[in-house]
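Written below as structure tokens is the structure these notes are about.
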Amino acid sequence: MNIPGLVFLIIFGVVSLIHLFFCYKENELYRRITKTFCVLFLGVAAVCFMPTQPIVYIATFLGVVGDFFLIWKKNKLFFSIGTAAFIGGHVLYLIKMISLLSYQIPWYGYLIFALILACGAIFGIKVFTVEKPPMAAVGGMYMSLLLCCLACGIMVAVDTNTKPITGIFLACGYLLFFISD
């Protein structure tokens with residue numbers, strides 16, 4: 016039994032309930048602060064439960080960095096640092112999901128991935144704003160990255176040589192990421 020992992024998982028659960036309370040009360044500042052601690056405790060639990068999976072917990076800690084800098088989301092520098100951290104984390108999650116597949120993705124699969132990100136950037140600029148194209152491009156690419164991660168989670172779920180429950184959790188998690196972001 017992994018006692019430290021369970022302790023941090025319980026702390027994660029308690030802080031998550033506090034976070035949901037601030038979400039319900041629509042207290043934006045405390046909501047942003049508690050979100051950082053939710054992800055932090057989840058990351059520490061991941062280290063305890065999966066010490067040989069650094070990609071997973073490094074990605075989680077990049078989410079902590081992103082949440083921390085988004086506490087001050089009106090600061091353009093902090094917003095940019097937070098966004099870069101989130102993107103880095105999702106790229107690491109994508110790498111991990113690809114490694115779970117029982118087959119290799121062909122080279123043109125990565126080309127399609129790059130084209131999806133480019134289309135997301137163009138979509139962001141054309142649809143979301145004309146005042147701040149760089150931020151709109153990054154936002155469009157970020158949403159495209161989440162969709163690619165969702166697709167990869169589905170690929171893991173339908174891969175007959177992996178545990179389908181893993182892919183189902185990944186796909187559901189990324190669907191929630193996409194909806195919430």
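With the sequence shown counted from 1, adding 15 to any position gets you the numbering used here.
Here a beta-carbon is modelled for each residue, glycine too, at the ideal position from N, C-alpha and C.
All figures in this text were calculated on a predicted structure; none of them were measured in a lab.
Under the three-state reduction of DSSP output, K91 falls in the helix class.
Per the coordinates, the alpha-carbon of K88 lies some 5 angstroms from the alpha-carbon of F94.
Per the coordinates, the alpha-carbon of G124 lies some 12 angstroms from the alpha-carbon of A166. The residues L77, V80, G81, in chain order, have a CB closer than 6 angstroms to that of A100 in the same chain once the five nearest residues on each side in sequence are set aside. Contact annotation: L92 and L132 have beta-carbon atoms that are not nearer than 8 angstroms.
By the criterion of a C-beta distance shorter than 6 angstroms, W122 is surrounded by no residue of its chain, once the five residues flanking it on both sides are discounted. DSSP, read as helix, strand or coil, puts D174 in coil.
In the three-state scheme derived from DSSP, where H, G and I count as helix and E and B as strand, T51 is classed as helix. Closest by C-alpha distance to R46, out of F52, C53, F37, V54, is F37. The C-beta distance from G139 to G154 rounds to 5 angstroms, short enough to meet the 8 angstroms contact threshold.
Secondary structure of P19 (DSSP, three-state): helix.
Inclusion of A60 and G20 in the CB contact set at 8 angstroms is warranted, their separation being smaller than that value. Taking the Cβ atoms as the reference, T49 lies roughly 5 angstroms from I33, within the contact range of under 8 angstroms. Burial of T98 is indicated by the presence of at least 16 other C-beta atoms within 10 angstroms of its C-beta.
Distance from the CA atom of I70 to the CA atom of I86, rounded to whole angstroms, is 25 angstroms. Beta-carbon to beta-carbon, L116 and V171 are separated by about 6 angstroms, close enough to satisfy the 8 angstroms threshold. The continuous stretches of alpha helix (DSSP H) do not include S117, and DSSP gives it neither H nor E. Setting aside the 5 residues that flank it on each side, N176 is surrounded in the same chain by S117, each with a C-beta closer than 7 angstroms to its C-beta; the list follows chain order.
A Cβ-Cβ separation of about 4 angstroms places F27 in contact with F56 under the 8 angstroms criterion.
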